[in-house]
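Asker: Each protein sequence line maps, in turn, to chains A and B. In case it helps, my numbering puts the first sequence at residues 2 to 345. In case it helps, my numbering puts the second sequence at residues 4 to 333. Ideal placement from N, C-alpha and C gives every residue a C-beta, glycine not left out.
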Amino acid sequence: MPEFIEMKKIDKGRASTVGTVVKVEHLKKFFAVRKGIFSREVHFVHAVDDVSFEIKRGGVLALVGESGCGKTTTGKTLVRLYEPTGGKIEFLNKDISKLRTNADRMWFHRKSQIIFQDPYESLNPRMTIFDIVVEPMSVQGIGNIKEREEAVADILQRVGIAPPETFMWRYPHELSGGQRQRVAIARALILKPEFVVADEPTSMLDVSIRTQVMKLMLDLINEMDMSFLYITHDLSVARYMADHIAVLYLGKIVEMGEIEEVLQHPLHPYTQALISAVPVPDPEFQREMPKIKGGVSKPIDPPDRCRFYERCPYAMEVCKGTCPPLIDVGNDHKVACYLYNKNG
Amino acid sequence: MSALLSIEGLKMYYDTQKGSVKAVDGVSFQLKKGESLGLVGESGCGKTSVAMSIMRLLAENARIISGHIYFDGKDLLTLSEKEMNKVRWKGISMIFQAAMNSLNPVYRVGDQIIEAIITHEPEVTFEQARERVKALYELVGLDPGRMDHYPHEYSGGMKQRAIIAMSLACNPQLIIADEPTTALDVIVQDMILREMARIQKKLNMSMIYISHDIAVIAEVAEKIAIMYAGKIVEFSDSKTIFKQPRHPYTIGLMSSFPSIRGSKKPLVTIPGEPPNLLNPPKGCRFAPRCPFATNVCLEKEPPYKEIDKEHFIACWHPQGVKRGAEDKDA
Numbered sequence: 002m003p004e005f006i007e008m009k010k011i012d013k014g015r016a017s018t019v020g021t022v023v024k025v026e027h028l029k030k031f032f033a034v035r036k037g038i039f040s041r042e043v044h045f046v047h048a049v050d051d052v053s054f055e056i057k058r059g060g061v062l063a064l065v066g067e068s069g070c071g072k073t074t075t076g077k078t079l080v081r082l083y084e085p086t087g088g089k090i091e092f093l094n095k096d097i098s099k100l101r102t103n104a105d106r107m108w109f110h111r112k113s114q115i116i117f118q119d120p121y122e123s124l125n126p127r128m129t130i131f132d133i134v135v136e137p138m139s140v141q142g143i144g145n146i147k148e149r150e151e152a153v154a155d156i157l158q159r160v161g162i163a164p165p166e167t168f169m170w171r172y173p174h175e176l177s178g179g180q181r182q183r184v185a186i187a188r189a190l191i192l193k194p195e196f197v198v199a200d201e202p203t204s205m206l207d208v209s210i211r212t213q214v215m216k217l218m219l220d221l222i223n224e225m226d227m228s229f230l231y232i233t234h235d236l237s238v239a240r241y242m243a244d245h246i247a248v249l250y251l252g253k254i255v256e257m258g259e260i261e262e263v264l265q266h267p268l269h270p271y272t273q274a275l276i277s278a279v280p281v282p283d284p285e286f287q288r289e290m291p292k293i294k295g296g297v298s299k300p301i302d303p304p305d306r307c308r309f310y311e312r313c314p315y316a317m318e319v320c321k322g323t324c325p326p327l328i329d330v331g332n333d334h335k336v337a338c339y340l341y342n343k344n345g
Numbered sequence: 004m005s006a007l008l009s010i011e012g013l014k015m016y017y018d019t020q021k022g023s024v025k026a027v028d029g030v031s032f033q034l035k036k037g038e039s040l041g042l043v044g045e046s047g048c049g050k051t052s053v054a055m056s057i058m059r060l061l062a063e064n065a066r067i068i069s070g071h072i073y074f075d076g077k078d079l080l081t082l083s084e085k086e087m088n089k090v091r092w093k094g095i096s097m098i099f100q101a102a103m104n105s106l107n108p109v110y111r112v113g114d115q116i117i118e119a120i121i122t123h124e125p126e127v128t129f130e131q132a133r134e135r136v137k138a139l140y141e142l143v144g145l146d147p148g149r150m151d152h153y154p155h156e157y158s159g160g161m162k163q164r165a166i167i168a169m170s171l172a173c174n175p176q177l178i179i180a181d182e183p184t185t186a187l188d189v190i191v192q193d194m195i196l197r198e199m200a201r202i203q204k205k206l207n208m209s210m211i212y213i214s215h216d217i218a219v220i221a222e223v224a225e226k227i228a229i230m231y232a233g234k235i236v237e238f239s240d241s242k243t244i245f246k247q248p249r250h251p252y253t254i255g256l257m258s259s260f261p262s263i264r265g266s267k268k269p270l271v272t273i274p275g276e277p278p279n280l281l282n283p284p285k286g287c288r289f290a291p292r293c294p295f296a297t298n299v300c301l302e303k304e305p306p307y308k309e310i311d312k313e314h315f316i317a318c319w320h321p322q323g324v325k326r327g328a329e330d331k332d333a
């Protein structure tokens, strides 16, 4: 497919000047909830509240946290499925909220894609596999029919849906869960994007199928030199998929850094609790009790203090003040906690 | 000590328009009093169907073809529906998958448990039942003051605790927990698993945990049965299953599971997908995906036999990998 090579060439030129693909600065996304008589009171859910991070070319950042912490909202905002409330998202040095022309927007959506969690819901049951996978090409107006068919066959083969000629004309209900997720991956990758948000892409899959899909994604990331935001609640999966990790708690990043460093030397009390709660596939291993109190609250109009204050075993007076900033403690390891920033 | 629950050659098929789906196809195992068993396998391998057969809560198109389920000396499959009703809740109770979402939203949680007690033990008065629920709330770590609250006022973890309290309401000897923590976040999951293990020890109950997550099973079960395509392929105590698995599927499952502890070992992928149980392969059901398969595996079904003390396996070519020893060398 000559078209791809050419596209890749142009953008390589544009991108080679930077090592960073995605740069997020002070990203905020609030949702309004109405309460009271006649819905007069307006409250805001601070789903994502002042989040900053970078993803390098070819890098995979794992975004982990419990349900409701804002992982998916961050991912959807990054590909402009949500409009951010505040902050800046730079994609290949361009501010994506300032993409005014149609061509710019087309460029952005060609270069960034998303893979959703549930392959039973993300594929239209009335479209054939070919129609599903080819859709991004048709929207972007790339290639003629023959080229599109070749591209689809190519990517299906690559994600392990083989032989493509027989699968292309089937419908999603004829495929297993693992095959559907492969189709979803093929759809996301057919335009050879530079950045992909993968929202829990393996959490609906069975163990033996999950490893296959994880391996496939890792191979493709290396081969196609893509950057990934890998959203997951499973720290052990994150360990295998990502090189960096950001731990999210109620809309804020509490800890971030190189993944082995964070998993082996967690600093934030929440990260420590999260890691000690992960079950270990070894009956002789004695885990320590996670040091954590209570349950997750909802970030509706949260007061300006550490979000983890109520549950933290080490909570101090200073934590009730303002929210602790994310500070670098060396080794590119960042943590937002007054335990490491006492004069904060 | 004789077994509390003994299943012998259980076969349960679902009749569909395309033929019968052999969901449970010759399953045998025993469970002693006070023991916990983990039933592990991927979706569609028949784990839940085994549980539903024990409870005799089968779908309309499900048929038990053959086998026996002895509980406390009685064959549950020969009991009348009325007799079976006495076994449910009082003998065996079950925590269903996603049960916490099936609490009735318009009744108080405590009342729902009281209703269960009074239905199954009509001689108990309302006041007695209420006292019992209070004690159960304390046992599972819930504030008894929350008895009069509605399900929407509970968090996910609290609902799951209430469901556990409900399953304990009629003092059963055996509890079957089907994916009891699957919908929960990891910290809540940890609390619930610890609570269940503690209660099980305290009351000396038997437990069957059903899960796809071997890490969860490793935490709570003393015995483990690995199921694949309607059959148990390996059964032993959990230490043996994790340290010296013999069946290729068990070995594959263990080495395809990521862990956040220890060195970052490469994950092994098992090629292919589980077979369609309408038309399972003729020989060993794992043979098409098995790296060690030979002609005999494709032709003849391997017998389920004891290869070591209380270590059962169905495989023509048991592997001898000692995972613990291998780790030390590496």
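When Cβ atoms are compared, which residues of the segment 240–253 of chain B fall closer than 9 Å to chain A?
Answerer: D240, S241, K242, I244, F245, K246 and Y252
Asker: So that I know if they touch, is there some Cβ in chain C lying closer than 8 Å to that of F286 (chain A)?
Answerer: As a matter of chain content, chain C is missing from the structure shown, whose protein chains are A and B.
Asker: What residue range is occupied by the uninterrupted beta strand (DSSP E) comprising K36 (chain B)?
Answerer: That residue, K36 (chain B), is in no beta strand (DSSP E); it is neither H nor E in DSSP.
Asker: From the DSSP output, in three-state form, read off I6 (chain A) for me.
Answerer: Its pLDDT being 22, under 50, I6 (chain A) is placed unreliably by the model, and the measurement read from it follows with that caveat. Three-state DSSP puts I6 (chain A) in a helix.
Asker: Leaving out five residues before and five after V143 (chain B) in sequence, what residues of the same chain have Cβ atoms less than 8 Å from its Cβ?
Answerer: R164, A165, I167, A168, L171, E198 and I202
Asker: Which of the three DSSP states, helix, strand or coil, is assigned to E45 (chain B)?
Answerer: coil
Asker: So that I know if they touch, is there some Cβ in chain B lying closer than 8 Å to that of R240 (chain A)?
Answerer: True, the Cβ-Cβ gap to chain B drops below 8 Å.
Asker: Against chain B, which members of the segment 173–189 of chain A pass a CB distance test of less than 7 Å?
Answerer: Against chain B - using a Cβ distance shorter than 7 Å - the residues of the segment 173–189 of chain A are S177 and G179.
Asker: Taking H234 (chain A) as the query, report the chain B residues whose CB atoms sit under 9 Å from its CB, ordered along the chain.
Answerer: Listed along the chain, the chain B residues whose CB falls inside 9 Å of the CB of H234 (chain A) are D188 and V189.
Asker: In this structure, how does DSSP classify E84 (chain B) when only helix, strand and coil are distinguished?
Answerer: helix
Asker: Rounded to the nearest angstrom, what separates Y241 (chain A) and A132 (chain B) at their Cα positions?
Answerer: 50 Å
Asker: So with Cβ pairs under 8 Å, would you call T272 (chain B) a contact of chain A?
Answerer: yes
Asker: Whole angstroms is fine: what's the gap from P274 (chain B)'s alpha carbon to Q213 (chain A)'s?
Answerer: Whole-angstrom Cα-Cα distance: 7 Å.
Asker: Mind listing the chain B neighbours of K72 (chain A)? Cutoff is C-beta to C-beta under 7 Å, in chain order.
Answerer: Residues of chain B passing the Cβ test: none, with the nearest at roughly 12 Å.
Asker: Under the assumption that K30 (chain A) contacts P120 (chain A) (Cβ atoms under 8 Å), give the Cβ distance between them as a whole number of angstroms.
Answerer: 25 Å between Cβ atoms; not a contact.
Asker: Check the C-beta distance from N93 (chain A) over to Q141 (chain A) and give it rounded, since I have them as a contact under 8 Å.
Answerer: The sequence shown places Leu at residue 93 (chain A), rather than the Asn named in the question. That belief does not hold up - the Cβ atoms of L93 (chain A) and Q141 (chain A) are roughly 17 Å apart, past 8 Å.
Asker: Decide yes or no for the touch test of the segment 219–239 of chain B against the segment 313–322 of chain B: beta carbon pairs closer than 8 Å, at least 3 of them.
Answerer: yes
Asker: If M161 (chain B) sits next to L145 (chain B), beta carbons under 8 Å apart, how far is it from one beta carbon to the other, in whole angstroms?
Answerer: 6 Å
Asker: Relative to the C-alpha of F109 (chain A), which residue among A:Q118, A:S98 and A:F117 is closest?
Answerer: A:S98
Asker: Just verifying my parser: in three-state terms, what is the DSSP assignment at D12 (chain A)?
Answerer: Interpretation of D12 (chain A) is limited by its pLDDT of 33, a score under 50 that renders its predicted location unreliable; no figure is taken from the coordinates.
Asker: Apart from the five residues just before and just after K294 (chain A), which ones in its own chain have a Cβ nearer than 6 Å to its Cβ?
Answerer: R312
Asker: Hey, is L256 (chain B)'s beta-carbon within less than 8 Å of any beta-carbon in chain A?
Answerer: yes
Asker: At the 8 Å Cβ level, is R164 (chain B) part of the contact set with chain A, yes or no?
Answerer: no
Asker: Can you give me the C-alpha to C-alpha distance between L1 (chain B) and R159 (chain A), rounded to a whole angstrom?
Answerer: For residue 1 (chain B) there is no data in the structure shown, the boundaries of chain B being 4 and 333.
Asker: Would you call the segment 257–265 of chain B and the segment 271–284 of chain A touching, i.e. three or more CB-CB distances under 8 Å?
Answerer: yes
Asker: Any Cβ of chain B within less than 8 Å of the Cβ of D12 (chain A)?
Answerer: For D12 (chain A), the predicted structure reports a pLDDT of 33, less than 50, and the residue's modelled location is therefore unreliable. A value from the coordinates is still provided. Not closer than 8 Å to any Cβ of chain B, the Cβ of D12 (chain A) fails to qualify, so no.
Asker: Tell me where the beta strand (DSSP E) around G179 (chain A) begins and ends.
Answerer: Run containing G179 (chain A): none in the beta strand (DSSP E); it sits in the alpha helix (DSSP H), G178 to L190.
Asker: Do Y153 (chain B) and P334 (chain B) have their beta-carbon atoms positioned less than 8 Å apart in this structure?
Answerer: Residue 334 (chain B) lies beyond the residue range present for chain B, which begins at 4 and ends at 333; the question has no answer from this structure.
Asker: Which term fits K234 (chain B), buried or exposed, when burial requires 16 or more other beta carbons within 10 angstroms of its beta carbon?
Answerer: buried
Asker: Could you spell out the range, first to last residue, of the alpha helix (DSSP H) harbouring F31 (chain A)?
Answerer: Per DSSP, F31 (chain A) belongs to no alpha helix (DSSP H); it is in the beta strand (DSSP E), T21 to K36.
Asker: Mind pulling the chain A residues with CB within less than 7 Å of D193 (chain B)?
Answerer: What D193 (chain B) touches in chain A: A278 and P291.
Asker: Hey, E182 (chain B) and S214 (chain B): beta-carbon distance below 8 Å or not?
Answerer: yes
Asker: Distance check for P294 (chain B) and E329 (chain B), CA to CA, integer angstroms please.
Answerer: Low confidence applies to E329 (chain B): its pLDDT is 42, below 50, so where it sits in the model is not reliable, and the reading given next is rough at best. Cα to Cα, E329 (chain B) sits roughly 19 Å from P294 (chain B).
Asker: Given this structure, state the Cα-to-Cα distance separating M116 (chain A) from V80 (chain A), to the nearest angstrom.
Answerer: In the sequence under discussion, the amino acid at residue 116 (chain A) is Ile, which differs from the Met named in the question. Spanning the two alpha carbons is a distance of roughly 11 Å.
Asker: Exposed or buried, which one is Y271 (chain A) when buried takes at least 16 other CB atoms within 10 Å?
Answerer: Buried, by the Cβ-count rule.
Asker: Flag this pair as yes or no: are the beta carbons of A63 (chain A) and I276 (chain A) separated by less than 8 Å?
Answerer: no
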